[in-house]
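Student: Dropping the structure in here first, questions after.
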């Protein structure tokens, strides 16, 4: 039989919270874990709309709903790089307009003069655009690969039961009988699993 110290220790452990226990709570927890890690408040700048960013997130999460944290990471990376591309294209338009205004009016070659004067700026912007396009492409390819990969075999009920160590969850009202039943269940489970090393014998309480 378990010792009094073991009983008290197991009772204390059983009273500690181990997360949601109801099916509804587990589903909600799982969904929370796979929500986008991108915060609209920190992703937009002047001239951009948080509503447009939220719409972009909804479109991608609707098309590629992630089932793992790794998939979520690559999906967020896809979204962020597309948002960057939209921003860079607006920057390019503003650059043309700004430097064209500085060029000599009436020459008929304002765009050429604007590009000549601001060529290093345009080149830096081009590098940023190329990097965002490459990152978007790579992240999307990896996301598709992960989602098309074979999923792990579903755990059988008996395996889930063995993994939980008990056929039913323990509540805070754990009794000595529950402790003894747990001890018996563990020993039987070990025998069924083919564990040859015997569990340590229980010592009588002093």
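Numbering (this note's numbering), first residue to last: 29 to 234.
Beta carbons are placed, not taken as given, at the ideal position from N, Cα and C, and that holds for glycine.
Here the structure is a predicted model, which is why all the values come from computation and not from measurement.
1. Taking the continuous alpha helix (DSSP H) assigned at residue 73, which residues delimit it?
2. Quick one: what's got a C-beta closer than 8 angstroms to residue 130's C-beta in the same chain, skipping five residues either side?
3. Between which residues of its own chain and residue 89 is the CB-CB distance below 8 angstroms, once the five residues before and five after are set aside?
4. What residue from 83, 95, 77 has the CA that sits closest to residue 174's CA?
5. Does residue 242 pass the burial test, meaning 16 or more other C-beta atoms within 10 Å, or should it be called exposed?
6. Are the Cβ atoms of residue 112 and residue 82 separated by less than 8 angstroms?
7. Taking only the alpha-carbon atoms, compute the straight-line gap between residue 162 and residue 217 and give it to the nearest angstrom.
8. Quick one: Cα of residue 171 to Cα of residue 127, how far?
9. Whole angstroms are fine: how far does the CA of residue 137 sit from the CA of residue 86?
10. Pick from 100, 179, 211, 154: whose alpha carbon is nearest that of residue 116?
11. On the criterion of 16 or more Cβ atoms from any shown chain inside 10 Å, does residue 105 qualify as buried, or is it exposed?
12. Using CA coordinates, which residue listed in 164, 135, 147 is at the minimum distance from residue 108?
13. Considering just the uninterrupted stretch of the alpha helix (DSSP H) at residue 144, what are its terminal residues?
14. According to DSSP, is residue 170 helix, strand or coil?
15. Quick check on the DSSP output: the alpha helix (DSSP H) that includes residue 66 runs from which residue to which?
16. Compute the Euclidean distance between the alpha carbons of residue 167 and residue 213, then round it to the nearest angstrom.
17. Taking residue 66 as the reference, give the member of 222, 91, 101 with the closest Cα.
18. Could you name the residues of the same chain whose beta carbon sits closer than 7 angstroms to that of residue 176, not counting the 5 residues immediately before and after it, in chain order?
Tutor: Straight from the coordinates:
1. Your numbering for residue 73 matches position 45 in the chain shown. For residue 73, there is no enclosing alpha helix (DSSP H), since its DSSP letter is neither H nor E.
2. Taking the first residue of the chain shown as 1, we reach residue 130 at position 102. The residues are 142, 145.
3. Start at 1 with the first residue of the chain shown, and residue 89 comes out as number 61. Closer than 8 angstroms at the Cβ level, and outside the excluded window around residue 89, lie 64, 103.
4. To locate residue 174, count along the chain shown from 1; it is residue 146. When the alpha-carbon of residue 174 is set against those of 83, 95, 77, the nearest one is in 95.
5. Past the edges of the chain, shown from 29 to 234, lies residue 242, and the structure says nothing about it.
6. Your numbering for residue 112 matches position 84 in the chain shown. Your numbering for residue 82 matches position 54 in the chain shown. In this structure, residue 112 keeps its C-beta atom at 8 angstroms or more from the C-beta atom of residue 82.
7. The count along the chain shown starts at 1 and reaches residue 162 at position 134. The count along the chain shown starts at 1 and reaches residue 217 at position 189. Using only the alpha carbons, I get a separation of about 52 angstroms.
8. Stepping through the chain shown from its first residue, residue 171 is reached at position 143. Stepping through the chain shown from its first residue, residue 127 is reached at position 99. Put simply, the backbone Cα of residue 171 is about 40 angstroms away from that of residue 127.
9. Position 58 of the chain shown, counting from 1, holds the residue named residue 86. Position 109 of the chain shown, counting from 1, holds the residue named residue 137. Rounded to whole angstroms, residue 86 to residue 137 spans 43 angstroms at the Cα level.
10. Taking the chain shown and counting its residues from 1, the one referred to as residue 116 is at position 88. Comparing Cα positions, the closest option is 154.
11. Mapped onto the chain shown, residue 105 falls at position 77. Counting Cβ neighbours within 10 Å, residue 105 comes out buried, since at least 16 surround it.
12. Working through the chain shown from its first residue, we reach residue 108 at position 80. A check of alpha carbon separations from residue 108 across 164, 135, 147 identifies 164 as the nearest.
13. If you number the chain shown from 1, residue 144 lands on position 116. Per DSSP, residue 144 belongs to the alpha helix (DSSP H) from 138 to 145.
14. Mapped onto the chain shown, residue 170 falls at position 142. The answer is helix: DSSP assigns residue 170 an H, G or I state.
15. As a working note, residue 66 is residue 38 in the chain shown. Where residue 66 is concerned, there is no enclosing alpha helix (DSSP H), given that its DSSP letter is neither H nor E.
16. Numbered from 1 along the chain shown, position 139 holds the residue referred to as residue 167. Numbered from 1 along the chain shown, position 185 holds the residue referred to as residue 213. Answer to the nearest angstrom: the Cα atoms are 47 angstroms apart.
17. Position 38 of the chain shown, counted from the start, is the residue given in the question as residue 66. Of the candidates 222, 91, 101, the residue whose Cα lies closest to the Cα of residue 66 is 101.
18. Locating residue 176 in the chain shown gives position 148, where the first residue counts as 1. Cβ neighbours of residue 176 beyond the five flanking positions: none.
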